[in-house]
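The structure appears right after this line, and notes come after that.
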Amino acid sequence: MDPFYAALSFYRRLKYEECAAVCTELLEKSPYDQAVWTLKMKAVTEQVYVDDIEAEEEGIAEALMDNDTMAQVARPGTSLRTPSTEKGGPNQGLRPRTQTGRPLSGVVRPATQSGRPGTMEQALRTPRTARTARPVTSQSARSVRLGTASMLTESGGPFIQLSRLNLGKYAAQGNIAKPLFEYIFYHENDIRHAMELAVQATQACQFKDWWWKVQLGKCYFTLGLIRDAEQQFRSALKQNQKVEIFLRLARVYIRLDQPLSALDVCKTGLEYFPGEVTLTTEIARLFEGLNNIPTSIKYYRDVLKEDSTHVEAIACIGMQHFYTDQPEISLRFYRRLLQMGIYNAELFNNLGLCCFYAQQYDMTLTCFEQALSLASEEAVADVWYNIAHVAIGVGDCNLAMQCLRLCLSADSNHASAYNNLGMLEMRLGHRDQARAFFQAAGSLAPYLFEPHHNYAKLAEEMGDLQTSYIVIQKALQAYPSHVSSQELLQKLQKHFAFM
Amino acid sequence: MENVNRKFPNNDDTSLSPNILKNLSMIFVPELPLLESRNWLIHLHYSRQEFGICKILLQEELERSNDMCEYANYVQGLILRHEGKIQESLESFQTCHTLNPRNVNNIKEVARSLYLLGRHGLAVEAYLEAENVSSKPDWDIYHNLGTCLLHVGQHVKAKEYLLTAIELSHQEDSYVELAKIHLLENDIQGAIGIYNAALEWYPDSCELATSLGLLYMTTGQHQRAFEKLGCALARDPMCTKALLAAGCMMQNHQDFDVALSKYKIAAQLLPESISLWNNIGMCFFEKKKYVAAISCLKRGNYLSPFDWKTLYNLGLVHLITKQYASAFHYLSAAINLYPTSARTFMLLAVALKNLGDPDNARHAFEQAIKLDPSDAAVALNYGVLLNSVGEQEKASVQLRRFQELAEGGPGLDQELLEAAQSLSLSLTKANKSDLETDADEKNKKDEADDAGRLVKAGEGSVVAPEMGPDEV
Chain H
1 MDPFYAALSF
11 YRRLKYEECA
21 AVCTELLEKS
31 PYDQAVWTLK
41 MKAVTEQVYV
51 DDIEAEEEGI
61 AEALMDNDTM
71 AQVARPGTSL
81 RTPSTEKGGP
91 NQGLRPRTQT
101 GRPLSGVVRP
111 ATQSGRPGTM
121 EQALRTPRTA
131 RTARPVTSQS
141 ARSVRLGTAS
151 MLTESGGPFI
161 QLSRLNLGKY
171 AAQGNIAKPL
181 FEYIFYHEND
191 IRHAMELAVQ
201 ATQACQFKDW
211 WWKVQLGKCY
221 FTLGLIRDAE
231 QQFRSALKQN
241 QKVEIFLRLA
251 RVYIRLDQPL
261 SALDVCKTGL
271 EYFPGEVTLT
281 TEIARLFEGL
291 NNIPTSIKYY
301 RDVLKEDSTH
311 VEAIACIGMQ
321 HFYTDQPEIS
331 LRFYRRLLQM
341 GIYNAELFNN
351 LGLCCFYAQQ
361 YDMTLTCFEQ
371 ALSLASEEAV
381 ADVWYNIAHV
391 AIGVGDCNLA
401 MQCLRLCLSA
411 DSNHASAYNN
421 LGMLEMRLGH
431 RDQARAFFQA
441 AGSLAPYLFE
451 PHHNYAKLAE
461 EMGDLQTSYI
471 VIQKALQAYP
481 SHVSSQELLQ
491 KLQKHFAFM
Chain R
1 MENVNRKFPN
11 NDDTSLSPNI
21 LKNLSMIFVP
31 ELPLLESRNW
41 LIHLHYSRQE
51 FGICKILLQE
61 ELERSNDMCE
71 YANYVQGLIL
81 RHEGKIQESL
91 ESFQTCHTLN
101 PRNVNNIKEV
111 ARSLYLLGRH
121 GLAVEAYLEA
131 ENVSSKPDWD
141 IYHNLGTCLL
151 HVGQHVKAKE
161 YLLTAIELSH
171 QEDSYVELAK
181 IHLLENDIQG
191 AIGIYNAALE
201 WYPDSCELAT
211 SLGLLYMTTG
221 QHQRAFEKLG
231 CALARDPMCT
241 KALLAAGCMM
251 QNHQDFDVAL
261 SKYKIAAQLL
271 PESISLWNNI
281 GMCFFEKKKY
291 VAAISCLKRG
301 NYLSPFDWKT
311 LYNLGLVHLI
321 TKQYASAFHY
331 LSAAINLYPT
341 SARTFMLLAV
351 ALKNLGDPDN
361 ARHAFEQAIK
371 LDPSDAAVAL
381 NYGVLLNSVG
391 EQEKASVQLR
401 RFQELAEGGP
411 GLDQELLEAA
421 QSLSLSLTKA
431 NKSDLETDAD
441 EKNKKDEADD
451 AGRLVKAGEG
461 SVVAPEMGPD
471 EV
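Put into structure tokens, the structure is as follows:
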């Protein structure tokens, strides 16, 4: 059999390693065979290819030293940074928040979960821990993997010496330029060279090929030249409408902190592709980010109409039902996830909670047992924490305390657990211990209002008005419309403000 | 060129004139070493709450005067206190005091800082010193002495001082503190008298009226309580405490729609109040809307899992809807959290009876009787249980106990009496089994209704510290 035919066949059967090996042999014989060269490039690229539309995460540097954002103090409802406007969804007392004041989401996904830090201090204090924060750089998991791929020592040096490559020559040849670009972009992760190639190639085809514009936009985006990326995507959209371009353009606007423009883009995209799941999901996520949970849920429902096995949509709707006092319905959604074959600790944990609040006591403990047996190091803490809630629910305070201590032994930074331990200690009358726990919780998670509020109440009772006054202000920062805290502050202000 | 030339002289003119003026002022006005020269400016900024500018000014002033300027130190102390830095503000006031030991205000502020830091004993001493220094009697000193002594635990002295303060100047705060002491001593009538006196001076105060209304409620003077709460609501229709209390009264008078309308307003202001959700739940329960009741009560329970009253009510609603297992769970949780309520044990016993465990039900009844031997409903229900397991003699003993208690105690519910009658009937015709079960059914309803009312009456508007229910 012709070895080149064999290589092609390997490629088609997704056996990229074999394909690359055959190509290497062929290239040793005839180093200037462009067909073989291209095939090897494609095979090697496919090995490391990742769908990168949703993979990017904003690093500390991008988030803080960010000069693309339009307004530092945006009007409420127009920015993902100040999501505090509430529109009829469950409030903070019912649905817990993540660090930046956004309600907990149904699924964990890059960039949308942690939001942006307000200050440098806050950003640095929460380095990437179990579930909270952001990576230190934006070149996250994907890029790390790509970087190592290019560093593998190959016999006889690297496959392509990028620095010695005559980019201008290849840019003019459309059929080679595209695989070459992908090779440089995905395998070598050398954005600068990739961009050079893309620039020359798009010139060579007189700016008529939308594909090159998208690639150029990708390069600009990765390099942080957001406005240039926007231009490229827009011009590509004029020539050809593709879901990918709409998504990438929406991402650009999210990076620019202009969620409303991003929504516009997605909605235009929906006009071309009615019912497109990825676009609808993007819209739902945006609304969730804007703290407009009811609308977000509406779009997730639309997603489910098109794709009834969409995990994210099911999880988000389930969670919404849980926090709006309908654990029975939420249980139905989570059971659906289980039927679809998802089998992890988080799901069983949620199932257990739903069962408990829907009064199906026989299932509760089994679910939690299953969750514990499946849980990884990080999830174990949360499972114990929730078991403590069940224990409190049946009035067994000792069990609750033991569970919370187990939770803390698994994750010593679990702020809510400290807070609840403090409450339990307070019930037993151990005020000093309670105070220590509240302090720990408050310093670990300044975004939770509960520990601050509890601590302030305790301090006020003990006559330590100064601490109470300072701490209650922190609570109100975390949750400005908390009535009980407001009342306490008013009471204290009588002592402190004096003309 | 011409243009430029013309412009230059103009510019020079304007820029020169102020320079000349400045120089003149440098020459003619001598530097005055007065420490108080800029006090007016500091005061102006402070009273406008422009603390930023004020602080810069203060720093300059203190540097210029080597920390000798009394007023600057004083205002600095006030600003630091406003920022919550009491320790530092105490130091400022102490410098003030050393600079001018005759000034009463300085001593008062030192004492106040000590009070805010929670060192009440020292604060009392400082206030006593202030009293000595001050030339004329000052209500502020007496009022604060009273509050400090209250914290130290000397109620009698505290009362005296507060009374002197009130004689000197009728301040709202003094009245409130005084009433607080009376309440601590369980002297509700005294507290009511004080609130009434206070209301004469402050007829507009919403808080006073609400507190008075609540006190009337606890003493059972519903008409007066209603008047006061109505007054409070007329002054401030958004006063949440008064709204809750008024709703609770309506609920007691079986006027559930009006109560719900009050709660509806309150729910917008207090979405996280446990007692609010509890009361709404019980309103729905009385209107026989059980699903709504359960979901409201569950939200209350979610917000504060430690509140045994919510758990008790949840148990009750589940009993009525015949979900005995759930009822048992809620009731046992309530007992774990608060093991001294006879009614909870009684409901638990009823749940156990319906779950087919008469032995444990009997234990629960005995525990309930031990906790509250004067509760007629417990005796009646125990009688029904004994009757249903076939121990007619013991049942009639319990029935007799019930009748004794019913005669001695306050007027009982009509339904409860009816149930007792049917029980006595079934006891006389002991061999007819269908009547027994009939009485049984009725009984459950009665005791439930009764208990529901009991709990509602028990609630004021307590806001307990909440715990963060948090899920992954």
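Protein sequence lines, in the order shown, are assigned to chains H and R.
Per the UniProt record's numbering, residue 1 is the first one in the first sequence, and the count goes up by one each step.
Per the UniProt record's numbering, residue 1 is the first one in the second sequence, and the count goes up by one each step.
Think of the CB as a built atom: it goes at the ideal place given N, C-alpha and C, for glycine as much as any other residue.
Exposure label - residue i; buried when at least 16 CB within 10 Å
i                      : result
H:Val144               : Any answer about H:Val144 is weak, because its pLDDT of 45 lies below 50 and its placement is not dependable; what the coordinates show is given next. Classification for H:Val144: exposed.
R:Gly146               : buried
H:Gln493               : exposed
H:Val390               : buried
H:Ile283               : buried
H:Pro259               : buried
H:Arg116               : Note that H:Arg116 scores a pLDDT of 48, beneath 50, so its modelled location is shaky; the value from the coordinates is reported in the next line. It counts as buried.
H:Thr281               : buried
H:Phe207               : exposed
H:Tyr418               : buried
H:Lys169               : exposed
H:Trp210               : buried
H:Phe496               : buried
R:Asp140               : buried
H:Lys238               : exposed
R:Thr340               : exposed
R:Leu380               : buried
R:Gly390               : exposed
H:Tyr272               : exposed
R:Gly121               : exposed
R:Lys264               : exposed
R:Leu34                : exposed
R:Val152               : exposed
H:Asp257               : buried
H:Lys40                : buried
R:Ser461               : Note that R:Ser461 has pLDDT 28, beneath the 50 cutoff, so the model's placement of it is unreliable and the number below is only indicative. So R:Ser461 ends up on the buried side.
residue 483 of chain R : Chain R is shown only over 1 to 472; residue 483 of chain R falls outside these bounds and no answer can be derived.
Host alpha helix (DSSP H) of residue i (start-end)
i        : result
H:His389 : Glu377 to Gly393
H:Val36  : Gln34 to Val48
R:Phe345 : Ala342 to Asn354
R:Ile335 : Tyr324 to Leu337
H:Ala219 : Ala is not the amino acid found at residue 219 of chain H; the sequence shown has Cys there. From DSSP, the alpha helix (DSSP H) with H:Cys219 extends over Trp210 to Leu223.
H:Phe437 : Arg431 to Leu444
H:Lys169 : Leu167 to Ala171
H:Ser485 : Val483 to Phe496
R:Ile53  : Phe51 to Arg64
R:Asn144 : Trp139 to Val152
H:Pro451 : Phe449 to Glu461
8 Å contact criterion, which residue i and residue j should meet: CB distance rounded
i        : j        : result
R:Glu200 : H:Val483 : Actually they do not touch by this definition, with Cβ atoms about 31 Å apart.
R:Ala126 : R:Leu114 : 6 Å
R:Gly220 : R:Ala242 : Incorrect: roughly 19 Å between the Cβ atoms, too far for contact.
R:Glu216 : R:Ala209 : According to the sequence displayed, residue 216 of chain R carries Tyr and not Glu. Wrong, their Cβ atoms sit about 10 Å apart, outside the cutoff.
H:Ser481 : H:Phe449 : 10 Å between Cβ atoms; not a contact.
R:Val197 : R:Glu172 : Note that residue 197 of chain R is Ala in the sequence shown, not Val. Wrong, their Cβ atoms sit about 11 Å apart, outside the cutoff.
> Does the segment 154-164 of chain R come close enough to the segment 186-193 of chain R that 3 or more CB-CB pairs lie under 8 Å?
Replying inline: no
>> Using 8 Å as the cut-off, can you tell me whether the segment 88-97 of chain R makes contact with the segment 67-74 of chain R, which would need three or more C-beta pairs spanning the two stretches below that distance?
In response: yes
>> Taking contact to mean 3 or more Cβ pairs, one atom from each stretch, closer than 8 Å, check whether the segment 298-313 of chain R and the segment 367-380 of chain H are in contact.
In response: no
>> Give the list of continuous beta strand (DSSP E) stretches no shorter than 3 residues that lie fully inside the UniProt repeat "TPR" (172-205) of chain R.
In response: Runs of the beta strand (DSSP E) inside the UniProt repeat "TPR" (172-205) of chain R: none found.
> Looking at C-beta atoms only, is the number of pairs between the segment 394-409 of chain H and the segment 432-440 of chain H that lie closer than 8 Å three or more?
Replying inline: No, because fewer than three Cβ pairs between the segment 394-409 of chain H and the segment 432-440 of chain H fall closer than 8 Å, the two stretches do not touch.
>> Quick check on the DSSP output: what are the complete alpha helix (DSSP H) runs of length 4 or more inside the segment 316-360 of chain H, in order along the chain?
In response: 327-339 and 345-357
>> Count Cβ pairs between the segment 354-362 of chain H and the segment 318-334 of chain H that sit closer than 8 Å; are there 3 or more?
In response: yes
>> Going residue by residue through the segment 68-126 of chain R, where are the continuous beta strand (DSSP E) segments of at least 3 residues, counting only ones entirely within it?
In response: none
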